[in-house]
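Just so you know, the protein sequences line up as chains A and B, in that order. All residue numbers for the first sequence refer to my numbering, where the first residue is 172 and numbers rise by one. All residue numbers for the second sequence refer to my numbering, where the first residue is 16 and numbers rise by one. Single-structure report; data block below.
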Amino acid sequence: MKNKKILLVDDDKELCAGLKEIFSDEGYIIHTVFDGQEAMHILNQEDYDLLLLDIKLPGLTGFDILRKLKAALKKIKIIVLTARPLQKEISENLTESNNEEEDLLTYADAVINKPFDIGMLLKTVRNVSSQA
Amino acid sequence: MKKRNPAENKYRFKEQNKILEKIFTNTNFLIAYLDKDFNFIRVNKAYALADGRDVNFFTGKNHFELYPHQENQAIFKRVVETGEPYLTHAKPFVYPENPERGVTYWDWSLQPIKNKRGTVESLILILLDVTEREKMEENLIKTTLALSETKRLSDIGTLAATVAHELRNPLAVIQTAAYNIRRKNKDAQLVKHIDHIEKKIAESERIINNLLNYSRIKKPQKKRIHLLNFINECIATVKTQYHSLNIVLKKDLKLFKDLIIYIDPFQIREVLANILNNAFQALQDKSGWIEIKGSLTPAREILIEVNDNGEGIDKQDLDAIFDPFFTRKSKGTGLGLTICRELVNLHEGRININSHKNKGTQVLIYLPLRMTDEK
Numbered sequence: 172m173k174n175k176k177i178l179l180v181d182d183d184k185e186l187c188a189g190l191k192e193i194f195s196d197e198g199y200i201i202h203t204v205f206d207g208q209e210a211m212h213i214l215n216q217e218d219y220d221l222l223l224l225d226i227k228l229p230g231l232t233g234f235d236i237l238r239k240l241k242a243a244l245k246k247i248k249i250i251v252l253t254a255r256p257l258q259k260e261i262s263e264n265l266t267e268s269n270n271e272e273e274d275l276l277t278y279a280d281a282v283i284n285k286p287f288d289i290g291m292l293l294k295t296v297r298n299v300s301s302q303a
Numbered sequence: 016m017k018k019r020n021p022a023e024n025k026y027r028f029k030e031q032n033k034i035l036e037k038i039f040t041n042t043n044f045l046i047a048y049l050d051k052d053f054n055f056i057r058v059n060k061a062y063a064l065a066d067g068r069d070v071n072f073f074t075g076k077n078h079f080e081l082y083p084h085q086e087n088q089a090i091f092k093r094v095v096e097t098g099e100p101y102l103t104h105a106k107p108f109v110y111p112e113n114p115e116r117g118v119t120y121w122d123w124s125l126q127p128i129k130n131k132r133g134t135v136e137s138l139i140l141i142l143l144d145v146t147e148r149e150k151m152e153e154n155l156i157k158t159t160l161a162l163s164e165t166k167r168l169s170d171i172g173t174l175a176a177t178v179a180h181e182l183r184n185p186l187a188v189i190q191t192a193a194y195n196i197r198r199k200n201k202d203a204q205l206v207k208h209i210d211h212i213e214k215k216i217a218e219s220e221r222i223i224n225n226l227l228n229y230s231r232i233k234k235p236q237k238k239r240i241h242l243l244n245f246i247n248e249c250i251a252t253v254k255t256q257y258h259s260l261n262i263v264l265k266k267d268l269k270l271f272k273d274l275i276i277y278i279d280p281f282q283i284r285e286v287l288a289n290i291l292n293n294a295f296q297a298l299q300d301k302s303g304w305i306e307i308k309g310s311l312t313p314a315r316e317i318l319i320e321v322n323d324n325g326e327g328i329d330k331q332d333l334d335a336i337f338d339p340f341f342t343r344k345s346k347g348t349g350l351g352l353t354i355c356r357e358l359v360n361l362h363e364g365r366i367n368i369n370s371h372k373n374k375g376t377q378v379l380i381y382l383p384l385r386m387t388d389e390k
């Protein structure tokens, strides 16, 4: 379980710093990146066990990244961290374009809403990455 | 100027008369010529047709025996007495013998004709039916209002969703930082302050979720719903959260048995959950009862009544309870009842609240009993 490799993609540098400290102390190897384009570049070069992915990102959005990973059938566990209200929080009736986004979210192994309970996040990371 | 001879004058007079006669007969304006006691002397074709009668029917009959109308009679009298003409636009009128025609609207002109001594001898009443125009205007106003209401709701929705998103990000950072401080902290005195931070993060989250609920207010997506099952489900969901309390739940919903109602189930569930939560919270500190009653009103509405014997609402607060962000609860956002009223209004229903401090509260939710969107 320990020494799993995590890539955290979030444009909030303070969040990245805080989570990096937590996951490092838990024994994970964790790299952080603030830009979607750069994240994709790193994912193509290096293997990770788990991707912690924000949705609203500069460069490529989290949805773009999910779409690419899905198309490439990339073997990686994914947990989406998002502050974005889910479509079902805004509307009961999804439009077609939103359906595609909802569909992409189901490609992730878990979706966690911000702000999150850290204990719950650690547990989810542990569960998801142990399936790898 | 050359003086005309009498023969020429007579010819011109006849010509003019012919022209006026043609106008009188063929105009779309309704014209009636009346004596000073409001007896018809002559009416034109348009006037007679408007009431489905023959032109000759009117002559000799009295206007106000045919169309009794106190207010209009007073107007006619005033024109005779003062010699001043009367003009008005879009005056409503109901045919006394044909009330099913509904309200008709008329542009009016009542002109006095005076004799040489200056007293009024007869009247010319000219009318134009503007009912269609009035109805179109009315529809236009209704449509415009409906449009601006829809836009307002979607504006609130966009704003709330944006605010929610923008606040959730910094909250996540604060929560992460608090977690790190807690686990690295060796100072016991700091613990309670970290507790406070985490408590307030949870509170902020609740506010954001409420805002998102508010943003979900939109045009209802109505369906036919079995009312009794629906209300029972709502009650069951809310009840589970308060199972530890010693509260008696009384239900009297037998009048809703087999009743189907046309509502947006998500929206009305939200309303009922809100009202029931309020009732349970009003009883938080003591054992008591909540009563849910269903009935029908003569105006074809269903009435859902939620009574409790809880703490009640201060008299001076009652006027403000539907205002956004008004709350007396330590953890409330003050949007619950605002949302309820907005949702019930969208269903063309009403919500009323009666309350006595320390005695209890009564919430009345009225919803129209319909099967479709038609009235």
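Using N, Cα and C, we set each Cβ at its ideal position, and we do this for glycine too.
- Burial check for A/Y199: the Cβ neighbour count within 10 Å reaches 16 or more, so the residue is buried.
- For B/I223, same chain residues with a beta-carbon under 7 Å away, outside a window of 5 residues either side, are A179, L182, R183 in chain order.
- Pairwise C-beta distances place the region 196–211 of chain B out of contact with the region 202–212 of chain A, as fewer than three of them are shorter than 8 Å.
- Burial check for A/G290: the Cβ neighbour count within 10 Å stays below 16, so the residue is exposed.
- Comparing alpha carbon positions, the residue from B/E23, B/S163, B/D338 closest to B/G351 is B/D338.
- In this structure, the beta-carbon distance from B/L243 to B/L268 falls below 8 Å.
- Contact between B/D323 and B/L298 holds, with the beta-carbon distance rounding to 6 Å and staying under 8 Å.
- Taken through DSSP and simplified to helix, strand or coil, B/P114 comes out as helix.
- Look at the beta carbons and you see the region 300–311 of chain B not touching the region 356–363 of chain B: under three pairs across the two are nearer than 8 Å.
- With a cut-off of 8 Å on Cβ pairs, the region 85–101 of chain B is in contact with the region 118–127 of chain B, counting three or more such pairs.
- In chain order, D183, E185, L186, G189 make up the part of chain A whose C-beta sits under 7 Å from the C-beta of B/V188.
- Distance between B/A61 and B/L142, taken at the CA atoms: about 10 Å.
- No beta strand (DSSP E) of 3 residues or more sits fully in the region 156–209 of chain B.
- By the CB criterion at 8 Å, A/I250 and A/L221 fall inside the cutoff.
- When CB distances to chain B are screened at a threshold of 7 Å, the residues of the region 271–295 of chain A falling below it are K285, P286, F287, I289, in chain order.
- Annotated three-state conformation of B/H78 is helix, per DSSP.
- Of all residues in the region 194–208 of chain B, only Y194, N195 come within less than 7 Å of chain A when Cβ atoms are compared, listed by chain position.
- By the rule that beta-carbons nearer than 8 Å mark a contact, B/I216 touches chain A.
- The DSSP assignment places complete alpha helix (DSSP H) segments of no fewer than 4 residues inside the region 180–209 of chain A at 184–196, in order along the chain.
- The C-alpha of A/K245 is placed about 27 Å away from the C-alpha of A/F287.
- Identification of residues in the region 208–236 of chain A having a C-beta nearer than 8 Å to some C-beta of chain B yields K227, given in sequence order.
- With its beta carbon less than 8 Å from one in chain B, A/E192 belongs to the interface.
- In the structure shown, B/V145 falls within a coil segment according to DSSP collapsed to helix, strand and coil.
- Contact holds between the region 126–141 of chain B and the region 46–53 of chain B, because three or more Cβ pairs, one in each stretch, are under 8 Å apart.
- Your pair B/P280 and B/I240 checks out as a contact, with CB atoms roughly 5 Å apart and the cut at 8 Å.
- Closest by C-alpha distance to B/I128, out of B/V118, B/E96, B/P21, is B/E96.
- Distance from the CA atom of B/P111 to the CA atom of B/L160, rounded to whole angstroms, is 33 Å.
- Under a criterion of Cβ atoms nearer than 8 Å, no residue of chain B is adjacent to A/R297; the nearest Cβ is some 16 Å distant.
- Under the criterion of beta carbons closer than 8 Å, B/P235 and B/I278 qualify as touching, at roughly 7 Å.
- Taking A/F234 as the centre and dropping the five residues before and after it, the same chain places the C-beta of E272, L275 closer than 6 Å to its C-beta, in chain order.
- Of the other Cβ atoms in all chains shown, fewer than 16 fall within 10 Å of the Cβ of B/D52; this residue is therefore exposed.
- Using beta-carbon distances, B/E220 counts as an interface residue toward chain A, with a partner under 8 Å.
- 8 Å or more divides the Cβ of A/L292 from the Cβ of A/E197.
- No Cβ of chain A is located within less than 8 Å of the beta carbon of B/N289.
- When C-beta atoms of the region 23–39 of chain B are compared with those of the region 75–84 of chain B, fewer than three pairs fall below 8 Å, so the two segments do not count as touching.
- Note on B/E326: 16 or more other CB atoms within 10 angstroms of its CB, so buried under the neighbour-count rule.
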